[in-house]
Amino acid sequence: MTDSNNMPGVDGGDAVVSAFNAVGADYLFCSSGSEWAPVWEALARRHRDAQPAPQYLDLTHETVAVGMATGYGLVRRRPQGVLLHAAPGLLQGSMAVHGALLAGVPMVVASSESTTYGDAPGHDPGGQWYRNLSIVGGPHGVARPFTKWSNEAASVHTLPTMISRAAELSWRAPAGPAYLNIPLEILLQEWDGREAKPVVTPGSTHSSPEEADAVARMIREAANPVIVTETAGREAGGFEALVGFAEAWDIPVVEPDSAVCANFPRTHPLHAGSDIGPWMDTADLILLVNCRAPFYPPSRRPATAQVVVIDEVPQRPHIAYQVLFADRYLEGDVANTLRQLAKRATDLDVAAVTARRAEQEHRHADEQAAIDAAEARAERDQGIDPVLVAATLRRLLDAQDAVVVDETITHSRVVRRHLRTENPDSYFYVQGGLGQGIAVALGVKLAVGERPVVLTVGDGAFTYNPVIPSYDAARAHDLPVLIVIFNNRVYKSMNLNHRRFYPEGAAAETGEWLGTDLHRLPRLARFAEPFGMHTETVDTPDALAPALERALKAVAEGTTAVVDVLVTR
3 MTDSNNMPGV DGGDAVVSAF NAVGADYLFC SSGSEWAPVW EALARRHRDA
53 QPAPQYLDLT HETVAVGMAT GYGLVRRRPQ GVLLHAAPGL LQGSMAVHGA
103 LLAGVPMVVA SSESTTYGDA PGHDPGGQWY RNLSIVGGPH GVARPFTKWS
153 NEAASVHTLP TMISRAAELS WRAPAGPAYL NIPLEILLQE WDGREAKPVV
203 TPGSTHSSPE EADAVARMIR EAANPVIVTE TAGREAGGFE ALVGFAEAWD
253 IPVVEPDSAV CANFPRTHPL HAGSDIGPWM DTADLILLVN CRAPFYPPSR
303 RPATAQVVVI DEVPQRPHIA YQVLFADRYL EGDVANTLRQ LAKRATDLDV
353 AAVTARRAEQ EHRHADEQAA IDAAEARAER DQGIDPVLVA ATLRRLLDAQ
403 DAVVVDETIT HSRVVRRHLR TENPDSYFYV QGGLGQGIAV ALGVKLAVGE
453 RPVVLTVGDG AFTYNPVIPS YDAARAHDLP VLIVIFNNRV YKSMNLNHRR
503 FYPEGAAAET GEWLGTDLHR LPRLARFAEP FGMHTETVDT PDALAPALER
553 ALKAVAEGTT AVVDVLVTR
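So that you can map any letter, position 413 of the sequence shown is 415 in this note's numbering, and since no number is skipped, the others follow by simple counting.
Given below as structure tokens:
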């Protein structure tokens, strides 16, 4: 700790604000709870006295608070603060916190409890803590399974450093949310003004040159290598480093369905689609670059290929079951590792590389022809095929440097294949459970400023979202985004599984498909009308492009737009 110029007499609320200042948090994303009055007072005091403080966002749902912090952190890659209410608020936001863990987003989540229940002198915390807010073991016990680190602040004097420690832990690989329970009594304690030391960017670790040399030899000797990646683009500089690595060695890149962000330009000739299947029996070297779960089922072992894992933390502690079949690891900063391997692309077998390049160019051309054919079929369809929606969005977003946040399920492959994003931080897939997409898109918009942000979402996923609190946040904080709903009026993934598991069952015989029908829902765009947002409902192909054009124009002018597209499948 270091001494500060803060006047003694302020309380734990100012200690919290001071600590998040030291952490370098740009924002405090708060879903209000009665325990945070000390923080609000500290912020009001700092605003009055022109003292620095993170910007405070008042949000009306826990999923919105955490989801926005996730979206912001996906782009900015630095821990922010999230304040929830007691154990119930933590439980309400827990799915989104788990999603942040899976997405590898650093943040410090805090909520509170009472430790005296009104039986101590001083401030009365209120009877709600005694009657129905507290939980056995404290909320930090609840948070432990879905956070990277979880603890309780035991004293106002250690509170600032506990927050900075939580931030530093959350920032380091594998990045993810840390949780701190800050009892109300600690927030109300007098603070002596000692502050936490500002945190700095984490240092990097690197594999040794000898280890990199050994992997370079393996690549040089391989006739049919392939790169598989899920999250290389999540790392700072990772997207560009992967492009340089793949080009230096002429190795195709597969982004499997489990990819969670833009990792490699989908228009690049070395992009080899989403299916690792063709390489399982033919590849002699598989390079897993930030790829947590490459094979499904996990026991599906490559026939002959050696496997090299390139990852800062290959064994993810939060994954319950993980199989990599690694023959060699290169651990440390992934972007640096890829750059070092690219420099070693010398003395290549020209004939082998030429053959590999020609085969990949043929494969890429076939894929482009298949994409074009699918889009041509969609153009001829009497209804609106999901392919037409994705292809139309691609054309309208061309050269706009847009960001797509995807929360579709049965249409996710269509979105990735036909949007064909090609820039860093241009695509993110929502992790950990449905119902976070609007909030994540708003957080991304907060981070990228003028760049257009588009959320693609299914009708089922849309209804899981806290729609009203999300729309409130969009309007209150001037965050216009385009929401495109792929509406097939059914929980399609549920229905597909029912048919797959029981192809000749009673439901197939009678037509009684339970748990799937969404025809009863009203027009989904209408929920945005009370917020003054631009709304469209589209049910014919010729109306699609004009509706999306009007929606994008509204977003450019500062208004969130919702386009409910009635698709055929």
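Cβ coordinates follow ideal geometry from the N, Cα and C atoms, glycine included.
Self-check item: Top-ranked residue by Cα proximity to residue 263, from 81, 429, 57, 535
Solution: 429
Exercise. Specify whether the stretch 452-460 and the stretch 126-141 touch according to this definition: at least 3 beta carbon pairs, one from each stretch, less than 8 angstroms apart.
Key: no
Exercise. Identify which residue in 52, 548, 35, 57 has its Cα closest to the Cα of residue 27.
Key: 57
Practice problem: May I have the straight-line CA-CA distance separating residue 433 from residue 101, to the nearest angstrom? | Solution: 5 angstroms
Quiz prompt | Contact check, residue 569 vs residue 563, beta carbons under 8 angstroms | solution = no
Quiz item: When the Cα atoms are used, what is the spatial distance from residue 121 to residue 94?
Solution: 28 angstroms
Quiz item: So what's residue 163 in DSSP terms, helix, strand or just coil?
Solution: Here residue 163 sits in helix by DSSP.
Quiz prompt | Residue ranges of each alpha helix (DSSP H) within the stretch 117-191, 4 or longer | solution = 141-145, 161-173, 186-190
Quiz item: Can you list, in chain order, the residues of its chain whose CB lies under 6 angstroms from that of residue 247, leaving out five sequence neighbours each side?
Solution: 340, 343, 344
Quiz item: Counting only runs that start and end within the stretch 252-312, where is the alpha helix (DSSP H) found for 4 or more residues in a row?
Solution: 279-282
Practice problem: Might you give, ordered along the chain, the residues of its own chain that have their beta carbon closer than 6 angstroms to the beta carbon of residue 462, omitting 5 neighbours on each side? | Solution: 493
Self-check item: Alpha carbon of residue 88 to alpha carbon of residue 516, nearest angstrom
Solution: Across the structure, residue 88 and residue 516 are spaced so that their CA atoms are roughly 37 angstroms apart.
Practice problem: Consult DSSP for residue 563 and reduce its assignment to one of helix, strand or coil. | Solution: Under the three-state reduction of DSSP, residue 563 is assigned to strand.
Self-check item: Burial state of residue 447, where buried means 16 or more other Cβ atoms lie within 10 Å
Solution: buried
Self-check item: Where residue 33 sits in the DSSP three-state scheme
Solution: strand
Practice problem: Out of 294, 406, 284, 222, point me to the one whose CA is closest to residue 361's CA. | Solution: Proximity to residue 361 across 294, 406, 284, 222 peaks at 284, based on C-alpha coordinates.
Quiz item: Within 10 angstroms of its Cβ, does residue 266 collect 16 or more other Cβ (buried), or is it exposed?
Solution: buried
Practice problem: Measure the C-alpha to C-alpha separation of residue 158 and residue 38 and round it to an integer number of angstroms. | Solution: 15 angstroms
Practice problem: Please name the residue in 234, 507, 552, 271 whose C-alpha comes closest to that of residue 105. | Solution: 234
Self-check item: Enclosing beta strand (DSSP E) for residue 23 [first to last residue]
Solution: Not the beta strand (DSSP E): residue 23 falls in the alpha helix (DSSP H), residues 14-25.
Practice problem: Helix, strand or coil for residue 364, going by three-state DSSP, please let me know. | Solution: helix
Exercise. Answer with buried or exposed for residue 3, where buried requires no fewer than 16 other C-beta atoms within 10 angstroms of its C-beta.
Key: With a pLDDT of 36 at residue 3, under the threshold of 50, the modelled position of this residue cannot be trusted; read the value that follows with caution. Counting Cβ neighbours within 10 Å, residue 3 comes out exposed, since fewer than 16 surround it.
Quiz item: Is the stretch 467-474 touching the stretch 494-510, taking contact as three or more C-beta pairs under 8 angstroms?
Solution: no
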